[in-house]
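Going down the list, the protein sequences come from chains A and B.
Position one of the first sequence corresponds to residue 5 (this note's numbering), numbered consecutively onward.
Position one of the second sequence corresponds to residue 10 (this note's numbering), numbered consecutively onward.
Note that CB positions come from ideal geometry on N, CA and C, so glycine has one too.
In what follows, a single structure is set out as structure tokens and then discussed.
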Amino acid sequence: MNDLSTRLLRTLRAVLAAGSTLEPTWDPRAREGVVYRGTGSPLDDESLRSDLDDLAAGDYVEPIFVDRLSVCPTCNSHAINVREVCLSCFSSNLIQITALFHFRCGFVGAAETFTEEPRGRRCPKCRKLLQDLGTDHESPGDYFACRACNATFQVPEIGARCISCGARFAGLDMQRLRQRDVFAYRLTVRGVAALDAGRLVEEPREAQRIERRG
Amino acid sequence: MKRNGSSDVADAFTWISAHADPFHVVSAFDAAGRVIPSSSIVFWLFAFIVVRYTLPDLALWLAYIVRPRAFEPPPLRRYAGAEPLVSVIIAGRNPGRRIVTTIRSVLESDYHNVEIIFADDCSTDDSVAIARTFERTGRVRVFANANHSGKPANLNLALMFVRGEFVFVLDSDTQMYPDTIDRMLPYFEDPRVGAVSASIFVRNPGASLITRFQRIEYILTYTLTQLWRDRLGIIAIVCGMGAMFRTSALRGLGGFDMGLGDDTDLTIRLRKVRWRLRMSLRARISTDVPETLARLLRQRARWTRNMVKVRLRKHRDLGTFRYGFANAVVFYDGLLNRAFRPVALVCLIVLVHLYRGSDVPLVMGGIYAFSTLMLLMKALIGRDMTGEPSLGSFCLAPLYVFYRVPLLLTQATQVVREVLRIKTWHPYVPRRIWDQIPHH
Numbered sequence: 005m006n007d008l009s010t011r012l013l014r015t016l017r018a019v020l021a022a023g024s025t026l027e028p029t030w031d032p033r034a035r036e037g038v039v040y041r042g043t044g045s046p047l048d049d050e051s052l053r054s055d056l057d058d059l060a061a062g063d064y065v066e067p068i069f070v071d072r073l074s075v076c077p078t079c080n081s082h083a084i085n086v087r088e089v090c091l092s093c094f095s096s097n098l099i100q101i102t103a104l105f106h107f108r109c110g111f112v113g114a115a116e117t118f119t120e121e122p123r124g125r126r127c128p129k130c131r132k133l134l135q136d137l138g139t140d141h142e143s144p145g146d147y148f149a150c151r152a153c154n155a156t157f158q159v160p161e162i163g164a165r166c167i168s169c170g171a172r173f174a175g176l177d178m179q180r181l182r183q184r185d186v187f188a189y190r191l192t193v194r195g196v197a198a199l200d201a202g203r204l205v206e207e208p209r210e211a212q213r214i215e216r217r218g
Numbered sequence: 010m011k012r013n014g015s016s017d018v019a020d021a022f023t024w025i026s027a028h029a030d031p032f033h034v035v036s037a038f039d040a041a042g043r044v045i046p047s048s049s050i051v052f053w054l055f056a057f058i059v060v061r062y063t064l065p066d067l068a069l070w071l072a073y074i075v076r077p078r079a080f081e082p083p084p085l086r087r088y089a090g091a092e093p094l095v096s097v098i099i100a101g102r103n104p105g106r107r108i109v110t111t112i113r114s115v116l117e118s119d120y121h122n123v124e125i126i127f128a129d130d131c132s133t134d135d136s137v138a139i140a141r142t143f144e145r146t147g148r149v150r151v152f153a154n155a156n157h158s159g160k161p162a163n164l165n166l167a168l169m170f171v172r173g174e175f176v177f178v179l180d181s182d183t184q185m186y187p188d189t190i191d192r193m194l195p196y197f198e199d200p201r202v203g204a205v206s207a208s209i210f211v212r213n214p215g216a217s218l219i220t221r222f223q224r225i226e227y228i229l230t231y232t233l234t235q236l237w238r239d240r241l242g243i244i245a246i247v248c249g250m251g252a253m254f255r256t257s258a259l260r261g262l263g264g265f266d267m268g269l270g271d272d273t274d275l276t277i278r279l280r281k282v283r284w285r286l287r288m289s290l291r292a293r294i295s296t297d298v299p300e301t302l303a304r305l306l307r308q309r310a311r312w313t314r315n316m317v318k319v320r321l322r323k324h325r326d327l328g329t330f331r332y333g334f335a336n337a338v339v340f341y342d343g344l345l346n347r348a349f350r351p352v353a354l355v356c357l358i359v360l361v362h363l364y365r366g367s368d369v370p371l372v373m374g375g376i377y378a379f380s381t382l383m384l385l386m387k388a389l390i391g392r393d394m395t396g397e398p399s400l401g402s403f404c405l406a407p408l409y410v411f412y413r414v415p416l417l418l419t420q421a422t423q424v425v426r427e428v429l430r431i432k433t434w435h436p437y438v439p440r441r442i443w444d445q446i447p448h449h
């Protein structure tokens with residue numbers, strides 16, 4: 005058995021020790037945000053991730069999708085703050101406003117523009133008191149307003165900022181963020197057989213591994 | 010009026026055979042003149058129509074020939090090189106793919122500092138999804154109203170989000186030309202100007218015979234009329250299909266009022282607070298018009314009822330001279346043009362039939378000949394000033410009367426229905442909102 009086989013068998017034993025399924029644990033201190041406890045090595049240890057991929061490729065473990073992480077293309081950090089941003093200036097300084105529409109005079113404005121009175125809201129255009137929502141006025145919907153550039157919109161843009169390196173992404177730039185899938189790994193029948201035999205069915209070679217990763 | 014038809018007819022025929030070729034148009038005109046004596050009310054009715062609907066256009070043309078530069082936009086001073094932000098607001102329900110043409114026409118404008126706000130009136134098709142594809146340009150914002158509320162409410166919704174110093178109201182089935190905004194903005198150099206309207210062209214003239222007639226009609230009854238009204242300061246409607254407003258003027262009024270005839274209503278409200286209204290001959294927009302007679306009649310029925318509701322009921326105080334002489338002229342001319350004329354036409358036909366007996370074909374032939382002559386004259390004026398209607402449209406001139414008469418008859422019917430308040434609600438405004446609006 006070569007060194008690689010020995011390491012893969014050790015990882016396979018760790019999967020067995022975790023109850024046949026190795027679950028990821030979220031850890032913000034880890035560079036990639038997730039660790040596999042019990043293996044003695046955090047996931048961002050490049051060799052462990054490669055080992056698990058090799059075992060999955062050899063059908064010793066079955067990968068089960070858990071979640072998808074966004075990773076900064078600049079610094080590879082998972083610490084990405086995703087939030088709603090302005091369509092025009094990409095600022096995240098947004099407020100949500102509710103619009104009201106008064107049937108009688110047609111006035112449409114933010115709810116705050118209607119004066120609050122003990123008996124209800126008063127329309128700034130026709131000075132009439134609003135009765136019940138749905139009978140003489142209604143809300144056309146909620147909207148966002150940007151405090152930075154005064155733009156208003158209904159559906160904000162999604163933007164992101166890498167907390168590690170400060171890189172900003174918005175609009176089409178969001179496509180630059182890399183996506184990384186996080187899996188749990190479950191021992192397969194073939195994996196159990198390999199553990200019983202104390203060796204892998206096929207001796208993995210570094211060359212194959214490099215070829216597979218392209 | 011006494012009935013002496015047979016002798017008049019004999020006189021007329023004698024005169025025709027003696028003086029002119031009976032198949033010539035002028036003969037019919039002269040004969041009509043001979044059988045309608047000046048003592049007849051029909052004569053004066055006809056004479057008034059001729060004066061009202063011919064002289065202003067002729068005077069306009071003369072002014073255009075003498076000083077064509079007076080019809081060009083004024084020079085830019087304050088806004089020269091400044092390009093203030095113009096917010097184009099579009100309200101529509103189920104515009105579908107047409108919204109693409111509309112939005113693109115604005116994005117392709119020579120005037121670059123524009124933002125487009127599309128307020129969707131709870132469309133049931135994919136209009137919102139289509140419009141949202143333009144949001145990535147950073148110049149378009151789409152607001153999907155959660156409820157069907159009608160056009161004025163959605164224009165007000167869009168107005169709420171306007172950031173520009175000027176607002177361009179554009180229909181979802183209408184498009185602007187690259188130079189439209191550039192041709193309208195200079196008029197706002199005058200701080201008293203609150204709104205500027207554009208020349209309207211028909212975008213689908215080849216769709217049917219009805220649209221071909223409308224191509225002529227839009228030039229004759231809208232563009233030319235607007236132009237001489239502009240000279241006299243009595244513009245009665247800033248058309249909602251495409252017009253530019255000073256945002257402060259629009260906001261100062263609280264936006265559009267609910268109900269039918271939102272553009273007429275807004276125009277009168279602007280007039281009441283003494284904003285000046287202008288018309289730009291060189292600013293063009295083009296719009297889709299109804300392609301079938303049934304749709305056209307429905308549209309005109311709605312327009313007519315709007316006029317009665319807005320002009321005769323809601324803003325009848327305009328006729329008291331409280332708002333100045335020009336506003337009173339607008340009121341009485343509106344009354345004459347929108348309510349009196351269609352009814353007068355019906356009365357004219359009835360009168361001719363009642364009192365002229367066997368002269369009817371001759372009289373009607375004379376009126377037809379004269380109307381066609383007037384039309385050709387106006388069409389030539391329109392062609393000279395705007396390049397429209399096309400030369401091919403002139404071939405339709407002999408048939409134009411047969412297009413206009415049904416429209417005027419429909420208008421007459423609708424005036425009577427509206428005055429008698431018969432079935433006043435129109436689905437243009439949802440019922441739940443209609444019931445809350447004060448009806449004058």
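Is any beta-carbon of chain B found at less than 8 Å from that of residue i?
| i | result |
| --- | --- |
| N154(A) | yes |
| D48(A) | Low per-residue confidence applies at D48(A): pLDDT is 48, beneath 50, and the placement is therefore not dependable, though the value from the model is reported in the following sentence. So, not an interface residue. |
| R108(A) | yes |
| L12(A) | no |
| Y40(A) | no |
| E2(A) | The structure shown has nothing for residue 2(A), since chain A only spans 5 to 218. |
| S92(A) | yes |
| V112(A) | yes |
| Q100(A) | no |
| A164(A) | no |
| Y189(A) | no |
| Y64(A) | no |
Write down the C-beta distance between residue i and residue j rounded to the nearest angstrom, noting that I regard them as a contact closer than 8 Å.
| i | j | result |
| --- | --- | --- |
| C127(A) | M267(B) | Incorrect: roughly 12 Å between the Cβ atoms, too far for contact. |
| A188(A) | T10(A) | With a Cβ gap of about 24 Å, A188(A) and T10(A) do not count as contacting. |
| A207(B) | T189(B) | 6 Å |
| T433(B) | P407(B) | Contact doesn't hold; Cβ gap of about 38 Å is too wide. |
| I209(B) | I139(B) | That belief does not hold up - the Cβ atoms of I209(B) and I139(B) are roughly 25 Å apart, past 8 Å. |
| I99(A) | R151(A) | 6 Å |
| R240(B) | A72(B) | 7 Å |
Can you tell me where the beta strand (DSSP E) holding residue i begins and where it ends?
| i | result |
| --- | --- |
| Y412(B) | Per DSSP, Y412(B) belongs to no beta strand (DSSP E); it is in the alpha helix (DSSP H), A406 to V428. |
| E9(B) | No statement about residue 9(B) is possible, as the shown extent of chain B runs from 10 to 449 and does not include it. |
| Q235(B) | Careful: Q235(B) lies outside any beta strand (DSSP E), inside the alpha helix (DSSP H) at L233 to L241. |
| D71(A) | V65 to V75 |
| R190(A) | R182 to L191 |
| T296(B) | R285 to T296 |
| V438(B) | V438(B) -> no beta strand (DSSP E), and no H or E assigned at all. |
| A207(B) | V202 to V211 |
For the alpha helix (DSSP H) containing residue i, list its first residue and its last residue.
| i | result |
| --- | --- |
| F177(B) | It is not in any alpha helix (DSSP H) - F177(B) instead sits in the beta strand (DSSP E) that spans F175 to D180. |
| M316(B) | L302 to M316 |
| A162(B) | K160 to M169 |
| I446(B) | No alpha helix (DSSP H) contains I446(B), which DSSP labels as neither H nor E. |
Is residue i close to chain E? Criterion is C-beta to C-beta, closer than 8 Å.
| i | result |
| --- | --- |
| F118(A) | You won't find chain E in this structure, because its protein chains are A and B. |
For the candidate residues the options, whose alpha-carbon lies nearest to that of residue i?
| i | options | result |
| --- | --- | --- |
| E121(A) | K132(A), V89(A) and P32(A) | K132(A) |
| E300(B) | Q308(B), R413(B) and R293(B) | Q308(B) |
| C169(A) | L13(A), T78(A), F111(A) and A61(A) | T78(A) |
| L279(B) | I228(B), P83(B) and I246(B) | I246(B) |
| I219(B) | L302(B), D191(B) and F254(B) | L302(B) |
| T15(A) | Y64(A), F94(A), V38(A) and R35(A) | Y64(A) |
| T276(B) | R304(B), L305(B) and G242(B) | G242(B) |
| Y186(B) | T230(B), Y62(B), F143(B) and T110(B) | T110(B) |
Does residue i get closer than 8 Å to chain A when you measure Cβ to Cβ?
| i | result |
| --- | --- |
| N156(B) | yes |
| G147(B) | yes |
| H448(B) | no |
| V151(B) | yes |
| E144(B) | yes |
| G263(B) | yes |
| D266(B) | yes |
| N122(B) | no |
| N103(B) | no |
| I277(B) | no |
Could you pull out every unbroken beta strand (DSSP E) segment of at least 3 residues lying fully inside the region 111 to 161 of chain A, listed in chain order? 112 to 114, 119 to 121, 124 to 126 and 141 to 150
Which ranges does the beta strand (DSSP E) cover as unbroken runs of at least 3 residues, wholly within the region 16 to 63 of chain A, from first to last along the chain? Here no run is fully enclosed.
Where in the region 310 to 390 of chain B do unbroken runs of the beta strand (DSSP E), each at least 3 residues long, occur, reported from the N-terminal end onward? none
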